[in-house]
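Note sheet for the following structure.
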Amino acid sequence: MRALPSALMTTAFAIAPYAIGDDIDFSATQGSFSDAVEYQTNPLSFTIYTDTQTSNSAWEEIQPQNSNYDNPYRVSLFSPQNGEDSERLWSQTKSIGAYGLGVAGALALMPESITQWEKNGDPLLEKWWDNVNQGPVWDRDVWYINYLGHPYFGGVYYQSARKSGYRQWDSFIYSAMMSTFYWEYGVEAFAEIPSIQDLFVTPILGWVYGEWAYNKEQEIRISGGSVWGSSALGSTTLFFLDPVDGLGNGVNHLFGRQLVTAGTGFMGVQDVGMPNGVSERQFKFQVQYALDTTPDSGRTRSNYYAQNNNDPITYGIVGISAGASYVSPSEVWQLEPGVGASFSLGLHFTPAFSGHLTYTRAYLTDTASQASTAYENYSVNALYYFNAESSFRPFITAGFGEAMKNMDRKQKKFQLNAGAGVHYQINSNWAVQTDWRYAAGPRSNVKDHLATGKLIYRFGQGEG
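Sequential numbering from 2 applies to the sequence shown in this note's numbering.
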């Protein structure tokens, strides 16, 4: 995985010149909003830049069914109910598969010291099966691969669904499926054991990054396609914000025909003050589909206005935390109690329920050698909060995970854990929490105690 960004960048720069189509300039003046006329700012003039072959659509343009709000976590990925463009998504999914296999082939030719992919001569299918059976494990890749590289590619998957007309939750589910089955248990499993961090970090932080990239692309395109006054930098930035779409454009231009449904166009944005004092961002789009190989086959949609905050589920449910834990390990570990760092990444589905991946590492004194020794505890936990409508919320938690000594996988122990704590919601984005967990191995004598205090941050609008 370590060499994937460099390999993708090499491929990208090879095709990028073909990925940037000719811009068409339009001029338009924003009309009135039928449901928000009295709160609207003064009409503004703006210039629209759009590719002659654009295929993207937006969930915000449609009139969603009430079921989206009655059951906000309903997944429409496999049965589009609101006009989502499943054909575009399938076309981009196939292209991702092709690009990924190409990148994997390039990585296989690189030295093992660069890729960290073991080459022991085993048959590919046998190696894949062995890796899948051994995983997932807590990997030791460098931090920028795990926590920058993987969220980036999670956002790339996310963009493919988001720009095919799917809402945020469906786009997240798509990203989770692609990162899990296509990459982690697919292509990458031919070379290494699937990673616990990657299974969670890639789609969850990819959701946060992907939605940011989705909106940043709109902003750049609407402002003329330039970044810091440079059209070249703007084109490069747009390409890396959504390389799948950019590569699709490049492939189509290279072969002179539409092999991949690709192309993006946006138009118009304005912030409108609402009566409750909240600013609502409203977009005006005009997009053109080119689903055939002939230039005149594009279908231009009429202008429409939409709000980007009417999605019942947004990336505001994503939360991260950092804090400290007091660890009292089982005698089996032969480690003295001590304090370590604790981090978590999770989804706050409702004020009463959330799920998290939690990681704790403490350097404790070995009772035999007196050396400082790493103790790690990582688990997937569900939290149920009482008094959820209040800021002060007692909760109970339960989950499963593993504990490990000295970063040695041969010494890891599977554990079930349960505990309780208190959560205090400071505002929509910030909270503090303290909890105690008891973790025990069902097939061993390992019984660990962890007491943790942490600060929690939720992205976007948070709980608001």
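Even for Gly, the Cβ is constructed at its ideal location relative to N, Cα and C.
Since we're looking at a predicted model, the values are computed, not measured.
Those residues which DSSP pairs with residue i across a bridge
i	result
methionine 405	Glu377
asparagine 418	Gly400, Ala440
aspartate 140	DSSP, once it has assigned bridges, lists no residue as partnering aspartate 140.
tyrosine 425	Phe393, Val433
serine 58	Ser165
leucine 336	Asp367
valine 228	Ser231
leucine 255	Its beta-bridge partners do not exist; DSSP assigns none.
leucine 348	Val319, Gly356
Exposure of residue i, with buried meaning 16 or more beta-carbon neighbours within 10 Å
i	result
asparagine 309	Because asparagine 309 sits at a pLDDT of 49, beneath the cut-off of 50, its placement in the model cannot be relied upon, and the following sentence gives the value as read from the coordinates. Buried, since its Cβ has 16 or more Cβ neighbours within 10 Å.
lysine 411	exposed
threonine 262	buried
leucine 242	buried
proline 244	buried
threonine 351	exposed
asparagine 250	buried
aspartate 52	At aspartate 52 the pLDDT is 42, less than 50, meaning the model places this residue with poor confidence; the figure from the coordinates comes in the next sentence. Buried: at least 16 other Cβ atoms inside 10 Å.
isoleucine 427	exposed
valine 143	exposed
leucine 200	buried
serine 1	Summary: the structure shown does not reach residue 1, with the chain confined to residues 2 through 465, and so no result is reported for it.
threonine 301	Here the model assigns threonine 301 a pLDDT of 37, short of 50, so the residue's position is not dependable, and the following value carries that caveat. Exposed is the call here.
serine 231	exposed
threonine 453	buried
glutamate 85	buried
arginine 141	exposed
alanine 214	buried
Collapsed DSSP secondary structure at residue i in the structure displayed
i	result
serine 343	strand
isoleucine 397	strand
asparagine 382	strand
tyrosine 360	strand
tyrosine 74	coil
phenylalanine 154	helix
leucine 260	coil
aspartate 367	strand
threonine 94	helix
tryptophan 468	Limits of the chain in this structure are 2 at one end and 465 at the other, which puts residue 468 out of reach.
threonine 48	Note that threonine 48 scores a pLDDT of 33, beneath 50, so its modelled location is shaky; the value from the coordinates is reported in the next line. In the structure shown, threonine 48 sits in a strand (DSSP, three-state: E or B).
threonine 181	helix
serine 355	strand
phenylalanine 191	helix
phenylalanine 173	helix
valine 270	In this predicted model, valine 270 has a pLDDT of only 47, less than 50, meaning its place in the structure is not dependable; the value taken from the coordinates is given anyway. Reduced to three states, the DSSP call for valine 270 is strand.
glutamate 85	coil
aspartate 312	coil
glutamine 412	helix
alanine 107	helix
glycine 101	helix
asparagine 388	coil
glycine 463	coil
Residue range of the beta strand (DSSP E) that includes residue i
i	result
isoleucine 321	319 to 329
isoleucine 457	448 to 459
Residues near residue i in its chain [Cβ-Cβ closer than 6 Å; skip 5 each side]
i	result
isoleucine 174	Val76, Leu78
glycine 101	Val188
serine 445	Lys414
threonine 238	Val228
phenylalanine 387	Pro395
glycine 98	none
Residues of its chain near residue i, where Cβ-Cβ distance is below 8 Å and the 5 sequence neighbours each way are ignored
i	result
threonine 94	Ser161, Met179
tyrosine 364	Gly339, Gly341, Ser373, Thr374, Ala375, Tyr376
tyrosine 70	Pro313
glutamine 335	Asp367, Thr368, Ala369
tyrosine 385	Ala353, Phe354, Phe396, Ile397, Thr398
Residue span of the alpha helix (DSSP H) that contains residue i, given as start and end
i	result
arginine 222	197 to 223
alanine 233	232 to 242
lysine 164	Element bounds for lysine 164: n/a, residue is neither H nor E.
asparagine 132	125 to 135
Beta-carbon proximity list for residue i, same chain, < 7 Å, skipping 5 on both sides
i	result
tyrosine 153	Tyr210
arginine 89	Ser56, Ser165, Thr262
valine 202	Asn147, Tyr148, His151, Pro152, Leu346
tyrosine 186	Val133, Pro195
asparagine 407	Thr374, Ala375
glycine 477	With the chain represented from 2 up to 465, any question about residue 477 goes unanswered, as that position is not in the structure.
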